[in-house]
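Visitor: By my numbering, the letter at position 185 of the sequence shown is numbered 185, and the numbering carries on one by one without gaps. All C-beta atoms, glycine included, are put in the ideal place defined by N, C-alpha and C. Encoded as structure tokens, here's the structure I'll be asking about.
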Amino acid sequence: MMGPGARAYLGRSLERLGVEVRAGVQVTKVLPGGVELAGGEHLDAEATLWTAGTRGLPLAAASGLSVDPRGRIVVDAALRSVSHPDVYAVGDAAAVSLPFGVLHGTCHSGVPMGLHAGDVLAGELRGRAPRPFRFGYFHQPVSLGRRDAVIQFTRPDDSPRRWYLTGRLAVAYKETVSNSPFPTFRLLKRGLMPVRALALTAGAR
Ligand SMILES: Cc1cc2nc3c(=O)[nH]c(=O)nc-3n(C[C@H](O)[C@H](O)[C@H](O)COP(=O)(O)OP(=O)(O)OC[C@H]3O[C@@H](n4cnc5c(N)ncnc54)[C@H](O)[C@@H]3O)c2cc1C
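See below:
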């Protein structure tokens, strides 16, 4: 998902840390002593960490809510379930369609979704029509231990821009964002963060 510069930095950092990367291979079996790859190759492992994406909990479908093939609750522009408009869904549990595609789960999108649903509910109690949720991605922060990180800045559709941060500066950036998502988001919303930062998220709230 990152641009070539950030990707190359990430590759060098992993190499320095002694991580061997096997990209583009498919795991077909997870076994007690390792994994088996397509083609039959066996990789020994004392521990296997499976990070193959997320899916919604079965509870949503079992409740009769419309869900997508990954079990996420399908919502309209205002984050209401398309089958049950009195139910709002936010975060990883929701399948939110925006002009550039369906959002993938991050706290980056989950926090504004939660705030939006709260705003809309409060508005509804005052008789206001629900407003559509607008969002654009801004960055992809990746920690590489305590002393290194890569931050890839992105367009609203999550495609990489030219700019990225690395090393200590990237660590400081990620620490700030991860330790204070609500204050950071509120500052952005109130326009107290540099206007330039808001302009980068063109199309986003
Ligand atoms: C290892 C890891 C690293 C990540 N790193 C990042 C990152 O660096 N940046 C980023 O933006 N995102 C990151 N994410 C993604 C981010 O954590 C999620 O997108 C975010 O937590 C989603 O928030 P949520 O509130 O929608 O769901 P969750 O945080 O999953 O909260 C759902 C809650 O519902 C509870 N629950 C489930 N079923 C029931 C039930 N039946 N009754 C009551 N409660 C229930 C669960 O226990 C849980 O507490 C990471 C995720 C993982 C797993």
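#1: What residues in its chain sit with their C-beta under 6 Å from that of Gly13, if we drop five residues either side in the sequence?
#2: Please state the DSSP three-state secondary structure of Asp44.
#3: Going by beta carbon distance, what residues of the same chain come within less than 8 Å of Gly34, once the five residues before and after it are set aside?
#4: Report the three-state DSSP secondary structure of Ser66 (helix, strand or coil).
#5: Does His183 pass the burial test, meaning 16 or more other C-beta atoms within 10 Å, or should it be called exposed?
#6: Here's a check: name, in chain order, each residue in its chain whose Cβ is nearer than 6 Å to the Cβ of Tyr88, leaving out the five neighbours to either side.
#7: Comparing alpha-carbon positions, which option in His108, Ala93 and Leu98 lies nearest Arg186?
#8: Of all residues in the structure, which have a C-beta closer than 5 Å to any heavy atom of ligand 1, taken in chain order?
#9: Note down the Cα distance separating Arg205 from Phe135, rounded to an integer number of angstroms.
#10: How is Thr54 classed by DSSP in three states: helix, strand or coil?
#11: Roughly how many angstroms separate the alpha carbons of Ala122 and Ile73, rounded to a whole number?
#12: For the alpha helix (DSSP H) that Ser109 lies in, which residues bound it at each end?
#13: Tell me, please, whether the stretch 1-9 touches the stretch 157-175 by the rule of three or more beta-carbon pairs shorter than 8 Å.
#14: Would Lys29 be called buried (16 or more neighbouring beta carbons within 10 Å of its own) or exposed?
#15: Rounded to whole angstroms, what's the CA-CA distance from Ala206 to Leu103? Just pull it up for me.
#16: On a Cα-Cα basis, can you pick out the residue from Phe138, Arg146, Gly167 and Val171 that is closest to Arg155?
#17: Per DSSP, Arg80 forms a beta bridge with which residues?
#18: By DSSP's criteria, Tyr164 is part of a beta bridge. Which residues make up the other side?
#19: Arg70 to Glu15, Cα distance in whole Å?
Guide: Here's the rundown:
#1: Reading the sequence shown from its first residue, position 13 is the one you call residue 13. For the sequence presented, residue 13 should be read as Ser rather than Gly. Correct list, in chain order: Leu144 and Asp148.
#2: Reading the sequence shown from its first residue, position 44 is the one you call residue 44. Correct three-state label for Asp44: strand.
#3: Your numbering for residue 34 matches position 34 in the sequence shown. The answer, listed in chain order, is His42, Leu43, Asp44, Ala45 and Thr48.
#4: Counting from one through the sequence shown, the residue named residue 66 turns up at place 66. Coil.
#5: Working through the sequence shown from its first residue, we reach residue 183 at position 183. Correcting the residue identity first, residue 183 is Pro in this sequence and not His. Label assigned to Pro183: exposed.
#6: For the purposes of this step, residue 88 is taken as the residue at position 88 of the sequence shown. Once the five neighbours on either side are set aside, the close Cβ partners of Tyr88 are Leu79, Arg80 and Ala117.
#7: Counted from its first residue, the sequence shown places residue 186 at position 186. The option with the nearest alpha carbon to Arg186 is His108.
#8: Gly91, Asp92, Gly105, Thr106, Cys107, His108 and Gly110
#9: Here residue 205 corresponds to residue number 205 of the sequence shown, with the count starting at 1. Here residue 135 corresponds to residue number 135 of the sequence shown, with the count starting at 1. With a pLDDT of only 39 at Arg205, under 50, the local geometry of the prediction cannot be trusted, and the value read off the model is given with reservation. Those two C-alpha atoms are separated by around 6 Å.
#10: For the purposes of this step, residue 54 is taken as residue 54 along the sequence shown, with counting starting at 1. Thr54 falls in the coil class under three-state DSSP.
#11: If you number the sequence shown from 1, residue 122 lands on position 122. If you number the sequence shown from 1, residue 73 lands on position 73. Distance between the alpha carbons of Ala122 and Ile73 is about 22 Å.
#12: Mapped onto the sequence shown, residue 109 falls at position 109. Unbroken alpha helix (DSSP H) run through Ser109: Cys107 to Leu125.
#13: yes
#14: What you label residue 29 is simply residue 29 of the sequence shown in a count that begins at 1. Result: exposed.
#15: Since the displayed the chain opens at 1 and closes at 205, residue 206 lies outside it and no answer follows.
#16: Sequence index remark: in the sequence shown, residue 155 carries index 155 (1-based). Closest option to Arg155, Cα to Cα, is Phe138.
#17: What you label residue 80 is simply residue 80 of the sequence shown in a count that begins at 1. Beta-bridge pairing links Arg80 to Tyr88.
#18: As a working mapping, residue 164 is identified with position 164 in the sequence shown. According to DSSP, which records beta bridges pairwise, Tyr164 is partnered with Gln152.
#19: Within the sequence shown, residue 70 is the residue found at index 70, counting from 1. Within the sequence shown, residue 15 is the residue found at index 15, counting from 1. Answer to the nearest angstrom: the Cα atoms are 34 Å apart.
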